[in-house]
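Reading through the structure tokens given below for one structure.
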Amino acid sequence: MAPGKKVIISFFSFVLFCSWIAVARAEIGVEIELDRTNASISDPVTLRVSVFGAQGASTPRIQGTEAFRMTRGGTSTRMEIVNGVMSAGVDYTYQLQPLKKGSYVIGPATVEAGGRTYSSNQVTLRVSEEPAQEASPSNPVFLKASLPKKDVYQEEAAVLTLKLFYNVQISNLSLDKLEAPGIEFAQIGKGAEYQSIISGRPFQVVEVRYLLSATKPGIYAIPPAIMQMSVYQERRRSGLFGDFFLGLTPSRPLTVSSNGLELTVRELPSEGRPADFSGLVGSFRFETSLDPTEVTAGDSATFTAVLSGTGNVRRIPELRLQEPEGVKTYADQPSLDIRPENDGYFGRKTMKWALVPKNAGTHTIPPISVSYFDPADGTYKRLSGNPLVLRAKPGNAAAQPEGWLSPAASEREAGSQKKEVELLGEDILPIHRSVAGLNPPGMNPILLWTVFLFPPLVFAGAVASRTLLRRNRSKAHVLLARKAAGGFIGHCNSEGCDAASLLNAWRRFLSERLTLPGGYFGPAECEALLIREGLDEKVAEHVRNLMEQLEHTVFSPGSREARSRLKQEWIHAVKKVDKGLK
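The opening position of the sequence shown corresponds to residue 21 in this note's numbering, with each subsequent residue numbered one higher.
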């Protein structure tokens, strides 16, 4: 495409984009999070600090990291527009290596931007001296289940952690559904993967966390978790050529199971139980506010109550506001936001009421309260909002309090008194009875429509030209893709074909067949790309194995017979790939 056309298309795209979207800048904020909240001394932990709303903020200063060896990781910037609001920020990544066991509060992290200091939340990390596992060549994969808190109350969530340790190549990992009578399982997040040292040997660890809750007291047996996977193992090699080409056997299925656990659920105590207790269990906080605090009689103010915390947040009740004397209340629909966290579910319920004072004066809003059970203390607690005062100034409605009507009644009364519009007289200036009177004098309609239609027509023409050019290019790509397999087979049959040129020919075939830009395709990237393009997973896995073998033999000539056999395997694989791709 000519440079002039690109400039025109970019200009009109920008004009149309700006005419429809109003961009607002998001507020600045800081948040820290850990990839897990329980770790052993040998497990490194990833700490992420996210700065929202600003890219020019200072480097975060993090408190509470004295008990860790902290290593700075990478940084990444982001910018996105959601519903017309632009959010820009930076993510900082750190690796924390625990030095001793204990429970540590990390944070807040502080940054400076625009002359102001912003602080983040705090997170808690518990470090334990986890006993070392017995690792041996005959047991390179094992699964472990742990339950840090084995004694809980009804409706209190317990966290079950599953850790898969492995130091061999695995794939097709799957976990059987966890089930136990009387217990509900809910997975937290998508899991984490990290490295750990056990008995002096490095292991990869896949960690999955679940929330367990029971509504009835008793002792519950948690059966072993079962994971299934495919395992690749090295085998003895024969000859120099086979040492590189046949180093991996085809995968074999493997099933591992964890240890079983036991969970004790205690009944909520009856002593001290409030009469209005709704079954809410956890740790919560309560806030109330009034906005504005002073209005004119007949106008409305908004009373807001927010109950938030961690626990069985779906049991947060709908609170009732006692109607103050001389004030009419209108309840709004409450909203409940829930998100999973490392130690449970965090919930935030917002309830609002519109308060309309009937007459002038000072009105006291009675406080509202909620009761809950705190499992950390084993006691019932009550949260109450502070008494708030609404001041009403005299107004039209206050001058005649005995005739005051609600907003809905006022509308009905006004509607019943409506009359037909009558023409009582005309002003000196002419009265316009149609939109034609709004047109500026002397405005040519043809010129007006030309001004409005010219930019969209130019934009449509530019899009059509670009589409036509793309179609012509796509036809050329299709012809090139059809010849890709023939070119690869022809190279394999040439005399100068060796391991390095064969690998380059395969990558060239893949680029031409899928119309991709040239570049490096590793075995894992190649397998994922082929599966995404619709190729059978077994064929893609076979191609990955061939690539891994071929990369190991680039500098090994091998025997003529082995090279010939390898070429035939590649030709057969390329034919399958060419036939199986969409």
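Ideal Cβ positions, reconstructed from N, Cα and C, are used throughout, including at glycine.
Along the chain, where does the beta strand (DSSP E) containing residue i start, and where does it finish?
{"i": "Leu356", "result": "Ser355 to Glu361"}
{"i": "Glu19", "result": "The question about residue 19 has no answer here: the residues shown for the chain are numbered 21 through 602."}
{"i": "Gly292", "result": "Here Gly292 belongs to no beta strand (DSSP E), and DSSP marks it neither H nor E."}
{"i": "Val347", "result": "Val347 to Ala351"}
{"i": "Asn192", "result": "Gln189 to Leu195"}
{"i": "Phe162", "result": "Val161 to Ser166"}
{"i": "Lys369", "result": "Gly364 to Pro377"}
{"i": "Ile649", "result": "Residue 649 is absent from the model: the chain starts at 21 and stops at 602."}
{"i": "Asp311", "result": "Gly302 to Asp311"}
{"i": "Asp171", "result": "Asp171 to Tyr173"}
{"i": "Arg272", "result": "Arg272 to Ser277"}
{"i": "Ser298", "result": "No beta strand (DSSP E) holds Ser298; DSSP gives it neither H nor E."}
Just mark residue i as buried or exposed, buried being the case when its beta carbon has 16 or more other beta carbons within 10 Å.
{"i": "Ala582", "result": "buried"}
{"i": "Ala325", "result": "buried"}
{"i": "Gly209", "result": "exposed"}
{"i": "Lys378", "result": "buried"}
{"i": "Leu477", "result": "exposed"}
{"i": "Ala484", "result": "exposed"}
{"i": "Glu515", "result": "exposed"}
{"i": "Ala59", "result": "buried"}
{"i": "Val131", "result": "buried"}
{"i": "Met247", "result": "buried"}
{"i": "Met567", "result": "buried"}
{"i": "Ile358", "result": "exposed"}
{"i": "Pro407", "result": "exposed"}
{"i": "Glu287", "result": "exposed"}
How many Å lie between residue i and residue j at the Cα?
{"i": "Ala525", "j": "Gly93", "result": "37 Å"}
{"i": "Leu530", "j": "Ala77", "result": "44 Å"}
{"i": "Pro222", "j": "Ser216", "result": "6 Å"}
{"i": "Ser320", "j": "Ile48", "result": "31 Å"}
{"i": "Ala376", "j": "Tyr400", "result": "Here the sequence assigns Val to residue 376, which means Ala is not the residue at that position. Whole-angstrom Cα-Cα distance: 35 Å."}
{"i": "Lys348", "j": "Lys197", "result": "53 Å"}
{"i": "Gly134", "j": "Ile388", "result": "39 Å"}
{"i": "Thr370", "j": "Glu307", "result": "10 Å"}
{"i": "His592", "j": "Arg486", "result": "39 Å"}
{"i": "Leu410", "j": "Leu231", "result": "44 Å"}
{"i": "Ala689", "j": "Pro475", "result": "Nothing in the structure corresponds to residue 689, since the chain is present only between 21 and 602."}
{"i": "Gln83", "j": "Thr137", "result": "15 Å"}
{"i": "Ala519", "j": "Ile61", "result": "45 Å"}
{"i": "Pro294", "j": "Leu356", "result": "24 Å"}
{"i": "Gly405", "j": "Arg305", "result": "10 Å"}
{"i": "Glu199", "j": "Val179", "result": "15 Å"}
{"i": "Val563", "j": "Pro543", "result": "8 Å"}
{"i": "Glu154", "j": "Ser277", "result": "Residue confidence for Glu154 is low, a pLDDT of 47 falling below 50, so the modelled location carries little weight; the figure read from the coordinates is stated next. Going from the Cα of Glu154 to the Cα of Ser277 covers about 16 Å."}
{"i": "Ser123", "j": "Val143", "result": "11 Å"}
{"i": "Val597", "j": "Leu555", "result": "7 Å"}
{"i": "Gln588", "j": "Leu522", "result": "12 Å"}
{"i": "Asn187", "j": "Glu291", "result": "53 Å"}
{"i": "Leu534", "j": "Ser191", "result": "25 Å"}
{"i": "Thr181", "j": "Cys517", "result": "52 Å"}
Can you tell me where the alpha helix (DSSP H) holding residue i begins and where it ends?
{"i": "Phe323", "result": "Unbroken run through Phe323 is the beta strand (DSSP E), Ala321 to Gly331; no alpha helix (DSSP H)."}
{"i": "Arg136", "result": "Run containing Arg136: none in the alpha helix (DSSP H); it sits in the beta strand (DSSP E), Arg136 to Ser139."}
{"i": "Leu550", "result": "Pro543 to Arg552"}
{"i": "Val597", "result": "Arg580 to Gly600"}
{"i": "Glu532", "result": "Ala519 to Arg533"}
{"i": "Ile509", "result": "Ala504 to Cys512"}
Does residue i come out as helix, strand or coil in the three-state DSSP assignment?
{"i": "Leu339", "result": "coil"}
{"i": "Arg221", "result": "strand"}
{"i": "Thr399", "result": "strand"}
{"i": "Arg81", "result": "strand"}
{"i": "Gly127", "result": "coil"}
{"i": "Ile246", "result": "strand"}
{"i": "Asn58", "result": "strand"}
{"i": "Glu515", "result": "coil"}
{"i": "Leu566", "result": "helix"}
{"i": "Glu561", "result": "helix"}
{"i": "Ile48", "result": "coil"}
{"i": "Thr618", "result": "Residue coverage of the chain in this structure runs from 21 to 602, which leaves residue 618 outside it and unanswerable."}
{"i": "Pro118", "result": "strand"}
{"i": "Pro476", "result": "helix"}
Would residue i count as contacting chain D if we go by Cβ distances under 8 Å?
{"i": "His383", "result": "Among the protein chains of the structure shown there is no chain D, as only one such chain exists."}
Taking residue i and residue j to be in contact with their CB atoms under 8 Å, please state how far apart those CB atoms are, rounded to whole angstroms.
{"i": "Ala374", "j": "Tyr350", "result": "4 Å"}
{"i": "Ile52", "j": "Ala165", "result": "With 8 Å as the limit, Ile52 and Ala165 do not qualify as a contact, their Cβ atoms being about 28 Å apart."}
{"i": "Ser139", "j": "Val50", "result": "6 Å"}
{"i": "Ala212", "j": "Glu227", "result": "5 Å"}
{"i": "Lys413", "j": "Ala317", "result": "7 Å"}
{"i": "Leu184", "j": "Val225", "result": "7 Å"}
{"i": "Asn332", "j": "Glu175", "result": "5 Å"}
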